[in-house]
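Peer 1: Chains as they are written, first to last, in UniProt numbering: chain C, 1 to 178; chain F, 1 to 178.
Using N, Cα and C, we set each Cβ at its ideal position, and we do this for glycine too.
Because the structure is a prediction, the values reported are computed rather than measured.
There are 2 protein chains.
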Amino acid sequence: MFEFALLGLLHEAPMHGYELRKRLHDLLGAFRAFSYGSLYPTLRRLQRAGLIVEEGPEESALSWGRRARKVYRLTPEGKERFADLLSDAGPQTWDDDSFGVHLAFFSRTPADVRMRILEGRRRWVEERREGLRERLAKTGEQIDRYTRELHRQGLESTEREVRWLNELIAHEKSEQDE
Amino acid sequence: MFEFALLGLLHEAPMHGYELRKRLHDLLGAFRAFSYGSLYPTLRRLQRAGLIVEEGPEESALSWGRRARKVYRLTPEGKERFADLLSDAGPQTWDDDSFGVHLAFFSRTPADVRMRILEGRRRWVEERREGLRERLAKTGEQIDRYTRELHRQGLESTEREVRWLNELIAHEKSEQDE
DNA sequence: CTTCGATGTATCGCGGCGATATAATCACCG
DNA sequence: CGGTGATTATATCGCCGCGATACATCGAAG
């Protein structure tokens, strides 16, 4: 997940940790925070795996300012890995955690994969919606007011998301045959 | 978090692990899954901390069926701990992960704490909303279509949640002086 | 009669988080 | 000129919770 996001960002340009985190925050906004507590360990993991390399401390002449920044660059293996992750449309791409990240890199995702992810996500959300509907129907009025409120709110937001996904899917379809 | 939820459920009645998980799933629905991978380790943690005790394998006579169920019961310390957690209204009670769980036990939460949690949550969501608004405004049209769509959806759902929270808060206020 | 789904307990590795430490630079205010 | 606080920047630590997996029993359906 984090790995995917970092490779995606480094695919655009080499960057140092702090900037990666900022770009990520910008990109994902509401979804996922990705703290420094994951950032640096993940970078080292990627490095060990040979997917990124550390470049010397950015000697771009002139503005010699603050040292100690480590700039990371994607290796060919890293690019390959990112391409693999981009073409993945497995179940793990449409859960709550991952879906947002995948959407953020959708413009570089193959069209058929986009479709499968969107439809997978829709199915997933619909299942959650049905679960909530049943729970709300079954227990009727006897359940705790706050719990019911929680479920009502959950139901509404899943319904909204399904509608949103339908729009996205429709848009994909219309673009497909233009 | 998980600790809080388990103590809350055991506060109602002694239970074994599997049932705890089912009740939790029922209670939280959309929010948080809480897998077995956390359940049993957490139970042992609570046990070590002296907050719960393991009762003998449920000898409720008659239906001698399946053995090996371990029934857990709250100790006085456990009840105390739960009461403490119930009266907590700190920042960690209104993040995405915890808020749902706290809501699920709201009917046993002191009224003033309920208020502070709801208002804290509202502030929190409003901040996220503002962040999304700025990001959508600032970058204007130049950003990626999918990313914008992601942020639009995020913005809408935060707006809805704020409205929802306002209703809950209003309801609390009306109940306060009845 | 056996196979499948539910019941039930449990472990393992790992991904990510929050708290925390450290330190240099920059902008502002007095 | 000096202090103070925000921003830039890297890094570690312990903990929490997850997914995968294993294993065993039971009831029901075929």
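1) Would you kindly work out how many angstroms separate the C-alpha atoms of F:Glu-84 and F:Glu-77, rounded to a whole number?
2) By the DSSP assignment, the alpha helix (DSSP H) with F:Arg-121 in it spans what residues?
3) Which residue from F:Arg-128, F:Glu-167, F:Gln-176, F:Glu-134 puts its Cα closest to that of F:Ser-157?
4) Using 8 angstroms as the cut-off, can you tell me whether the stretch 96-116 of chain F makes contact with the stretch 144-162 of chain C, which would need three or more C-beta pairs spanning the two stretches below that distance?
5) Using a Cβ-Cβ cut-off of 7 angstroms (strictly less than) and excluding sequence neighbours within five positions of C:Ile-117, which residues of its own chain qualify?
6) Count the other CB atoms within 10 Å of the CB of F:Tyr-72; is the residue buried (16 or more) or exposed (fewer)?
7) If we ignore side chains and look at the alpha-carbon of each, how far apart do F:Arg-163 and C:Glu-149 end up?
8) Span of the beta strand (DSSP E) holding C:Arg-108?
9) Should C:Ala-104 be labelled buried (16 or more other beta-carbon atoms within 10 Å of its own) or exposed?
10) Per DSSP, what kind of secondary structure is C:Leu-150 in: helix, strand or coil?
11) What is the rounded straight-line gap between the Cα of F:Phe-31 and the Cα of C:Glu-55?
12) Just how far apart, CA to CA, sit F:His-11 and C:Val-53?
13) Got a sec: which bits of the stretch 126-150 of chain F sit with their beta carbon under 8 angstroms from any beta carbon on chain C, in order along the chain?
14) Could you tell me whether any Cβ in chain F is nearer than 8 angstroms to the Cβ of C:Gly-17?
15) Against C:Trp-94, what residues of chain F qualify as contacts under a CB-to-CB distance less than 7 angstroms, listed in chain order?
16) Under the three-state reduction of DSSP, which class applies to C:Arg-73: helix, strand or coil?
17) If you count every other CB in all the chains shown that lies within 10 Å of the CB of F:Arg-135, and 16 or more means buried, which is it?
18) What is the DSSP secondary structure of C:Ile-169, counted as helix, strand or coil?
19) Do the CB positions of C:Ser-38 and C:Phe-2 come within less than 8 angstroms of each other?
20) Would C:Gln-153 count as contacting chain F if we go by Cβ distances under 8 angstroms?
21) In this structure, how does DSSP classify C:Gly-65 when only helix, strand and coil are distinguished?
22) Taking only beta-carbon atoms, is C:Phe-106 less than 8 angstroms away from chain F?
23) With burial defined as no fewer than 16 other Cβ atoms inside 10 Å of the residue's Cβ, what is the status of F:Arg-44: buried or exposed?
24) Would you tell me roughly how many angstroms separate the C-alpha atoms of F:Leu-46 and F:Pro-110, rounded to the nearest one?
Peer 2: In short:
1) The sequence shown places Asp at residue 84 of chain F, rather than the Glu named in the question. C-alpha separation (whole angstroms): 10 angstroms.
2) Looking at the DSSP string, the run of the alpha helix (DSSP H) that includes F:Arg-121 is 111-138.
3) Among F:Arg-128, F:Glu-167, F:Gln-176, F:Glu-134, the Cα nearest to that of F:Ser-157 belongs to F:Arg-128.
4) Touching, yes, given that three or more Cβ pairs across the two stretches are closer than 8 angstroms.
5) Taken in chain order, the residues that qualify are Ala-89, Thr-93, Trp-94, His-102.
6) Flag for F:Tyr-72 reads buried.
7) When rounded, the separation of the alpha-carbon atoms in F:Arg-163 and C:Glu-149 is 13 angstroms.
8) Per DSSP, C:Arg-108 is not a residue of any beta strand (DSSP E), being assigned neither H nor E.
9) In this structure C:Ala-104 is buried. Its beta-carbon is surrounded by 16 or more other beta-carbon atoms within 10 angstroms.
10) C:Leu-150 falls in the helix class under three-state DSSP.
11) Between F:Phe-31 and C:Glu-55, the C-alpha separation is close to 42 angstroms.
12) Here the alpha carbon of F:His-11 sits roughly 53 angstroms from the alpha carbon of C:Val-53.
13) Hits within the stretch, in order: Arg-128, Gly-131, Leu-132, Arg-135, Asp-144, Arg-145, Tyr-146, Thr-147, Glu-149, Leu-150.
14) With respect to chain F, the C-beta atom of C:Gly-17 has no partner C-beta closer than 8 angstroms.
15) Those do not exist, as C:Trp-94 stays about 14 angstroms from chain F at its closest Cβ, beyond 7 angstroms.
16) Residue state, collapsed to three classes: strand.
17) F:Arg-135 is buried by the Cβ-count criterion.
18) Of the three classes helix, strand and coil, the one that applies to C:Ile-169 here is helix, per DSSP.
19) The beta carbons of C:Ser-38 and C:Phe-2 sit closer together than 8 angstroms.
20) Taking a beta-carbon distance threshold of 8 angstroms, C:Gln-153 counts as an interface residue toward chain F.
21) Residue confidence is low: C:Gly-65 scores 46 on pLDDT, short of 50, so the model does not pin down where it sits. Its coordinate-derived value is still stated next. Judged by DSSP in its simplified three-state form, C:Gly-65 adopts coil rather than helix or strand.
22) With 8 angstroms as the cut-off, C:Phe-106 counts as an interface residue toward chain F.
23) Label assigned to F:Arg-44: exposed.
24) In this structure, the alpha-carbon of F:Leu-46 lies about 24 angstroms from that of F:Pro-110.
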